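Read in UniProt numbering, the sequence shown has 46 at position 46, and its numbers run on one by one without any break.
Every residue, glycine too, gets a C-beta built ideally from N, C-alpha and C.
Since the model is a prediction, treat every value here as computed from it, not as a measurement.
Written out below as structure tokens is the structure these notes cover.
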Amino acid sequence: RGGLAPLRRLARAGVEGAEAEAAEREEAAAKLAAGLVPVSDLYNDHVSRFRLWGLCLATLGACAHDDPDLVRHLWRALIYREVPAVADPGALGPGGARAAAWVRAQHEAVERDPFHAAEEEGGAAAAASSSKRGRRSRS
Numbered sequence: 001r002g003g004l005a006p007l008r009r010l011a012r013a014g015v016e017g018a019e020a021e022a023a024e025r026e027e028a029a030a031k032l033a034a035g036l037v038p039v040s041d042l043y044n045d046h047v048s049r050f051r052l053w054g055l056c057l058a059t060l061g062a063c064a065h066d067d068p069d070l071v072r073h074l075w076r077a078l079i080y081r082e083v084p085a086v087a088d089p090g091a092l093g094p095g096g097a098r099a100a101a102w103v104r105a106q107h108e109a110v111e112r113d114p115f116h117a118a119e120e121e122g123g124a125a126a127a128a129s130s131s132k133r134g135r136r137s138r139s
């Protein structure tokens, strides 16, 4: 009975996190429904923030934004969203552990928009990469 307490805490945290994210999405939807927003705000504050990779690509295309590294990253994120993050190494045959580790690494690599990674982590390397390429244009 006492052994289930950590699992229950984890489940509660997951529910609370999901509720908080739902509230954020509702707030974002209300802002968008209130009127037009600049495309840079649409991208930065909404589609990228909520990891809507297909809409990120559409927004970049509509603005004729040219950043091949970002487009490549977004396509990878979109593709790897469809690939299970966890694989049973035994089911993958010889080299299964290596293949499962590769899949996990791909998921971790595409988890975030590279521009927001610097903001979320406060990482100097990510910030340097972002400033090197420049922020998205304010179209």
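query	result
If you follow the alpha helix (DSSP H) that GLY54 is part of, which residue opens it and which one closes it?	53 to 62
Taking the C-alpha atoms as reference points, what is the distance between SER40 and PRO84?	31 Å
Quick check: what's the CA-CA separation for PRO68 versus LEU60?	11 Å
Distance check for GLU16 and ARG72, CA to CA, integer angstroms please.	33 Å
Would you decide whether GLU108 is buried or exposed? Buried here means 16 or more other CB atoms lie within 10 Å of its CB.	exposed
When you compare only the Cα positions, how much space is there between ALA30 and ALA101?	40 Å
Which stretch, first to last residue, makes up the alpha helix (DSSP H) that contains GLY93?	Element bounds for GLY93: n/a, residue is neither H nor E.
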